[in-house]
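>
There are 2 protein chains.
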Amino acid sequence: MFTKKGILIVISGPSGAGKGTICKELLKKHNLHLSISATTRTPREGEVHGENYFFLSREEFLNKVEENDFIEYAEVYGNLYGTPKSGVQQMLDDGKDVILEIDIQGALKVKDNVSDGVFIFILPPSMEELKQRIIKRGSETPESLMTRFKSAYQEINYVSKYNYAVVNDTVESAVEKIESILVAEKCRVDRMKEKILDSKEGLIHDQLYD
Amino acid sequence: MFTKKGILIVISGPSGAGKGTICKELLKKHNLHLSISATTRTPREGEVHGENYFFLSREEFLNKVEENDFIEYAEVYGNLYGTPKSGVQQMLDDGKDVILEIDIQGALKVKDNVSDGVFIFILPPSMEELKQRIIKRGSETPESLMTRFKSAYQEINYVSKYNYAVVNDTVESAVEKIESILVAEKCRVDRMKEKILDSKEGLIHDQLYD
Chain A
729 MFTKKGILIV ISGPSGAGKG TICKELLKKH NLHLSISATT RTPREGEVHG ENYFFLSREE
789 FLNKVEENDF IEYAEVYGNL YGTPKSGVQQ MLDDGKDVIL EIDIQGALKV KDNVSDGVFI
849 FILPPSMEEL KQRIIKRGSE TPESLMTRFK SAYQEINYVS KYNYAVVNDT VESAVEKIES
909 ILVAEKCRVD RMKEKILDSK EGLIHDQLYD
Chain B
729 MFTKKGILIV ISGPSGAGKG TICKELLKKH NLHLSISATT RTPREGEVHG ENYFFLSREE
789 FLNKVEENDF IEYAEVYGNL YGTPKSGVQQ MLDDGKDVIL EIDIQGALKV KDNVSDGVFI
849 FILPPSMEEL KQRIIKRGSE TPESLMTRFK SAYQEINYVS KYNYAVVNDT VESAVEKIES
909 ILVAEKCRVD RMKEKILDSK EGLIHDQLYD
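From first to last, the protein sequence lines stand for chains A and B.
Those letters in the first sequence? Residues 729 to 938, by my numbering.
Those letters in the second sequence? Residues 729 to 938, by my numbering.
(1) Can you give me the C-alpha to C-alpha distance between B/E753 and B/I764, rounded to a whole angstrom?
(2) Starting from A/I909, follow the alpha helix (DSSP H) in both directions and report where the run begins and ends.
(3) Can you confirm whether A/I799, when its beta carbon is compared against all beta carbons of chain B, has any partner nearer than 8 Å?
(4) So what does A/S740 bridge to, in DSSP terms?
(5) Tell me the rounded alpha-carbon separation between B/D831 and A/R769.
(6) In terms of DSSP beta bridges, what is B/L808 paired with?
(7) Would you identify the three-state DSSP class for B/T942, choosing helix, strand or coil?
(8) Return the Cβ separation of A/I848 and A/S740 in integer angstroms, given the expectation that the two are a contact with Cβ distance under 8 Å.
(9) Kindly indicate which three-state DSSP category A/L762 falls into: helix, strand or coil?
(10) For A/V816 and A/V826, which I take to be in contact (beta-carbon distance under 8 Å), what is that distance rounded to the nearest angstrom?
(11) Can you pull the chain A neighbours of B/N891, defined as C-beta to C-beta under 8 Å?
(12) Please go through the same chain and pick out, in chain order, the residues whose beta-carbon is closer than 7 Å to the beta-carbon of A/V804, but skip the five residues on each side of it.
(13) Would DSSP call A/M729 helix, strand or coil?
(14) Quick check: the Cα distance between B/E856 and A/D918, rounded to an integer number of angstroms?
(15) CA-CA distance, B/S785 and B/Y809?
(16) Closer than 8 Å, Cβ to Cβ, to anything on chain B: give me those residues from the region 818 to 841 of chain A, in chain order.
(17) Indicate whether A/F789 and A/P812 have their beta-carbon atoms separated by less than 8 Å.
(18) Where do the N-terminal and C-terminal ends of the alpha helix (DSSP H) with B/A745 fall, by residue?
(19) Excluding sequence positions up to five away, which residues of its chain have a Cβ less than 6 Å from the Cβ of B/H761?
(20) Could you spell out the range, first to last residue, of the alpha helix (DSSP H) harbouring B/Y881?
(21) Does the Cβ of B/M874 have 16 or more other Cβ atoms within 10 Å, making it buried, or fewer, making it exposed?
(22) So, does the region 903 to 914 of chain A touch the region 775 to 784 of chain A, judging by three or more C-beta pairs under 8 Å?
(23) Would you report the Cα separation of B/S901 and B/I750, rounded to the nearest angstrom?
(24) Would you call the CB atoms of A/V903 and A/I737 closer than 8 Å?
(25) Are the CB atoms of A/E680 and A/P771 nearer to each other than 8 Å?
(26) Which residues in chain A have a C-beta closer than 8 Å to the C-beta of B/V899? List them in chain order.
(27) Report the three-state DSSP secondary structure of B/V842 (helix, strand or coil).
(28) Should A/F730 be labelled buried (16 or more other beta-carbon atoms within 10 Å of its own) or exposed?
(29) So which residues of chain A does B/S888 contact, with C-beta pairs closer than 7 Å?
(30) Verify the CB distance criterion: does A/V894 have a CB-CB separation below 8 Å to chain B?
(31) Would B/V903 count as contacting chain A if we go by Cβ distances under 8 Å?
(32) Are the C-beta of A/I750 and some C-beta of chain B separated by less than 8 Å?
(33) Keeping to the same chain, check which residues put their C-beta closer than 6 Å to that of A/N841; ignore five residues upstream and five downstream.
(34) Buried or exposed: where does B/K859 fall if 16 or more other Cβ atoms within 10 Å of its Cβ makes it buried?
(35) Using the beta-carbon count (16 or more within 10 Å), is A/V899 buried or exposed?
So this is what it looks like as structure tokens:
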């Protein structure tokens with residue numbers, strides 16, 4: 729039997745594009761494992777430590793940085809965010825597919841470290857829709873709202889660094905597209921060397937002359 | 729409005745792997761356009777000129793070669809096979825997705841000319857199964873059967889030149905995988921520049937300050 733390495737699926741895009749909802753649906757429907765990020769930001773209502781994020785103090789976070797315990801970390805809007813290294817690598821080695829919801833800065837750094845990850849950029853159907861979503865979330869001051877809009881415009885340029893772009897017009901259609909991307913990625917020749925070997929093994933054991 | 733270029737989907741693999749049945753199913757279910765090859769081989773029972781192949785005499789075929797009318801052509805088991813150039817290019821330019829069922833030699837030549845095609849290698853579930861399928865087809869002499877088996881073993885090495893490999897264990901599951909590959913390919917960043925532009929356009933027209 730062959731050990732198959734898991735796939736790291738990176739769901740990224742401007743804030744408010746709907747990354748979180750999409751990841752939640754994917755996790756409900758598929759045997760995927762969530763990489764839980766660490767952050768120094770204040771939990772939003774209902775967010776649980778160890779489930780949504782590992783909520784750390786700035787000091788705790790910086791200690792982990794010194795211990796080289798992050799695949800990437802970054803400061804965004806004054807808060808630190810990081811992707812713990814050990815957990816993700818272990819799951820991938822065990823053949824588990826890992827999903828990582830992460831902002832654009834973070835995704836680009838992950839790409840430097842995990843080049844065979846699948847990098848998916850979630851696009852809002854329009855910027856008007858993006859604005860409505862951020863407002864609806866209700867967690868933004870007018871100032872942070874403006875900061876996010878402005879950066880979203882710049883951020884969309886980074887889509888060219890990703891493998892795939894999925895427009896989040898409805899959660900269902902976005903999730904379906906990502907499901908197709910996962911099936912396709914598992915058919916990529918560079919990911920399925922074992923199956924091809926199995927197929928050739930079959931020939932060796934065949935009696936061609938009977 | 730943007731004109732979107734169609735995708736060339738190349739379905740290839742060893743003979744007997746089930747390329748033909750898979751293509752037929754895909755064409756039934758999706759708005760895909762078949763590229764019809766030309767050949768000098770004798771039609772099998774039920775095969776129709778202009779539908780399965782353009783059946784040409786050797787002289788007719790070589791005339792077309794001289795007129796540079798093939799994307800690729802090759803001699804396989806003593807017969808000439810070729811992919812007519814004009815039809816395929818026109819369909820792609822019109823935004824139509826074109827499906828091309830072709831042997832491995834041919835596919836590799838197409839790849840030299842159409843680098844953004846999607847190259848899918850159909851693998852038999854096992855070589856025993858491949859043998860049964862070729863025997864069932866009933867169109868082979870014992871000698872040609874042996875030739876095919878031997879070359880199939882060599883041919884599987886070429887899978888590394890392809891983008892995807894799909895094991896044809898059942899037609900349904902193989903077709904589903906190819907459907908996912910098509911959805912995924914349409915989400916590839918390098919194929920969807922227009923949609924991203926649309927999304928940015930949305931921002932320009934938004935009133936951010938209201």
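Every residue, glycine too, gets a C-beta built ideally from N, C-alpha and C.
Taking the structure as given:
(1) To locate residue 753 of chain B, count along the second sequence from 1; it is residue 25. To locate residue 764 of chain B, count along the second sequence from 1; it is residue 36. Going by the C-alpha atoms only, they are around 16 Å apart.
(2) Working through the first sequence from its first residue, we reach residue 909 of chain A at position 181. First-last of the alpha helix (DSSP H) with A/I909: 899 to 915.
(3) Taking the first residue of the first sequence as position 1, residue 799 of chain A is located at position 71. With 8 Å as the cut-off, A/I799 does not count as an interface residue toward chain B.
(4) Mapped onto the first sequence, residue 740 of chain A falls at position 12. DSSP output for A/S740 lists A/I830, A/F849 as bridge partner(s).
(5) Locating residue 831 of chain B in the second sequence gives position 103, where the first residue counts as 1. Locating residue 769 of chain A in the first sequence gives position 41, where the first residue counts as 1. So the two alpha carbons sit approximately 57 Å from each other.
(6) In the second sequence, residue 808 of chain B corresponds to position 80, counting from 1. For B/L808, which the question treats as bridged, DSSP gives the partners B/E803.
(7) This structure cannot speak to residue 942 of chain B, because chain B is shown only from 729 to 938.
(8) Numbered from its first residue, the first sequence carries residue 848 of chain A at position 120. Numbered from its first residue, the first sequence carries residue 740 of chain A at position 12. Taking C-beta atoms under 8 Å as the contact rule, A/I848 and A/S740 qualify, at a distance of about 7 Å.
(9) Counted from its first residue, the first sequence places residue 762 of chain A at position 34. Of the three classes helix, strand and coil, the one that applies to A/L762 here is strand, per DSSP.
(10) Start at 1 with the first residue of the first sequence, and residue 816 of chain A comes out as number 88. Start at 1 with the first residue of the first sequence, and residue 826 of chain A comes out as number 98. At roughly 6 Å, the Cβ-Cβ gap stays under 8 Å, so A/V816 and A/V826 are in contact.
(11) Translated into the one-based positions of the second sequence, residue 891 of chain B becomes position 163. By Cβ distance, chain A contributes R916, V917.
(12) Along the first sequence, one-based indexing puts residue 804 of chain A at 76. So the list reads D831, Q833, once near-sequence residues are dropped.
(13) By one-based count along the first sequence, residue 729 of chain A stands at place 1. Caution is warranted here: a pLDDT of 33 is assigned to A/M729, below 50, making its placement in the model unreliable, and the coordinate value is therefore given only provisionally. A/M729 falls in the coil class under three-state DSSP.
(14) Looking up residue 856 of chain B in the second sequence gives position 128. Looking up residue 918 of chain A in the first sequence gives position 190. Spanning the alpha carbons of B/E856 and A/D918 requires a straight line of approximately 25 Å.
(15) Along the second sequence, read from residue 1 onward, the residue named residue 785 of chain B stands at position 57. Along the second sequence, read from residue 1 onward, the residue named residue 809 of chain B stands at position 81. The straight-line gap from Cα to Cα measures roughly 11 Å.
(16) The residues in question: there are none.
(17) In the first sequence, residue 789 of chain A corresponds to position 61, counting from 1. In the first sequence, residue 812 of chain A corresponds to position 84, counting from 1. No.
(18) Along the second sequence, read from residue 1 onward, the residue named residue 745 of chain B stands at position 17. It is not in any alpha helix (DSSP H) - B/A745 carries neither H nor E in the DSSP assignment.
(19) One-based indexing of the second sequence puts residue 761 of chain B at position 33. Hits under 6 Å: M819, K824, V826.
(20) In the second sequence, counting from the first residue as 1, residue 881 of chain B sits at position 153. Following the DSSP letters along the chain, one finds B/Y881 inside the alpha helix (DSSP H) bounded by residues 870 to 883.
(21) Along the second sequence, read from residue 1 onward, the residue named residue 874 of chain B stands at position 146. Exposed, by the Cβ-count rule.
(22) These segments do not touch.
(23) For the purposes of this step, residue 901 of chain B is taken as the residue at position 173 of the second sequence. For the purposes of this step, residue 750 of chain B is taken as the residue at position 22 of the second sequence. Those two C-alpha atoms are separated by around 10 Å.
(24) Mapped onto the first sequence, residue 903 of chain A falls at position 175. Mapped onto the first sequence, residue 737 of chain A falls at position 9. Contact: no.
(25) Nothing can be reported for residue 680 of chain A, as the shown portion of chain A is limited to 729 through 938.
(26) Numbered from 1 along the second sequence, position 171 holds the residue referred to as residue 899 of chain B. In chain order: nothing, as chain A lies at least about 16 Å away.
(27) Within the second sequence, residue 842 of chain B is the residue found at index 114, counting from 1. In the three-state reduction of the DSSP assignment, B/V842 falls in the coil class, being assigned neither a helical nor a strand state.
(28) As a position in the first sequence, residue 730 of chain A is number 2, starting the count at 1. The predicted model places A/F730 with a pLDDT of 39, which falls under 50 and marks its position as unreliable; any figure quoted below should be read in that light. Exposed.
(29) In the second sequence, the residue the question calls residue 888 of chain B occupies position 160. What B/S888 touches in chain A: V917.
(30) Translated into the one-based positions of the first sequence, residue 894 of chain A becomes position 166. So, interface residue.
(31) Position 175 of the second sequence, counted from the start, is the residue given in the question as residue 903 of chain B. It does not; no Cβ of chain A falls within 8 Å.
(32) Here residue 750 of chain A corresponds to residue number 22 of the first sequence, with the count starting at 1. By this cut-off, A/I750 is not an interface position.
(33) The residue given as residue 841 of chain A occupies position 113 in the first sequence. Excluding sequence neighbours, A/N841 sits near I799.
(34) As a position in the second sequence, residue 859 of chain B is number 131, starting the count at 1. With 16 or more Cβ atoms within 10 Å of its Cβ, B/K859 is classed as buried.
(35) Sequence index remark: in the first sequence, residue 899 of chain A carries index 171 (1-based). Counting Cβ neighbours within 10 Å, A/V899 comes out exposed, since fewer than 16 surround it.
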